[in-house]
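S.K.: Encoded as structure tokens, here's the structure I'll be asking about.
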Amino acid sequence: MHHDAFANLDALKSKLDAHRPLAPELVRNLREDMVLRYTYHSNAIEGNTLTLMEVKVILEEGLGIGGKCCGITSKSSTMPTPSRIWKAS
């Protein structure tokens with residue numbers, strides 16, 4: 810990473826820190842979005858062709874889309890499952 814990228818990250822973190830403490834609802838929404846994107850990208854790396862919205866439906870409703878539901882998982886043992894994260898908030 811270039812020095813400018815680190816400086817940009819520091820500036821963005823300072824902006825975020827100025828808004829702390831974050832509202833609990835905002836923290837919950839950010840956590841849900843992080844889990845969704847983490848699951849989408851980790852499955853895409855392995856060749857899954859689901860869209861971000863399809864992954865969202867599967868995680869929230871447990872519904873499959875076009876028979877593709879079998880391949881999606883939250884694979885990391887260090888990453889809690891989406892349902893546990895969403896219900897914990």
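So for the sequence shown, the numbering used here puts the first residue at 810; every next one is plus one. Where a beta carbon is used, it is the ideal one built from N, C-alpha and C, also for glycine. Remember, predicted model here, so these are calculated numbers, not experimental data.
Hey, quick one: how far does the alpha helix (DSSP H) through residue 831 stretch, first residue to last?
M.R.: Taking the first residue of the sequence shown as 1, we reach residue 831 at position 22. It is not in any alpha helix (DSSP H) - residue 831 carries neither H nor E in the DSSP assignment.
S.K.: Hey, how far is the Cα of residue 869 from the Cα of residue 844?
M.R.: Walking along the sequence shown from the start, residue 869 turns up at place 60. Walking along the sequence shown from the start, residue 844 turns up at place 35. Roughly 11 Å separates the two Cα atoms.
S.K.: Report buried or exposed for residue 839, applying the criterion of at least 16 other Cβ atoms within 10 angstroms of its Cβ.
M.R.: Taking the first residue of the sequence shown as position 1, residue 839 is located at position 30. Exposed, by the Cβ-count rule.
S.K.: Would you kindly work out how many angstroms separate the C-alpha atoms of residue 884 and residue 850, rounded to a whole number?
M.R.: On the sequence shown, position 75 is the one that residue 884 refers to. On the sequence shown, position 41 is the one that residue 850 refers to. Any reading at residue 884 needs caution, since the residue's pLDDT is 48, under 50, leaving its predicted position unreliable; the model's value is listed next. Residue 884 and residue 850 have their alpha carbons spaced roughly 11 Å apart.
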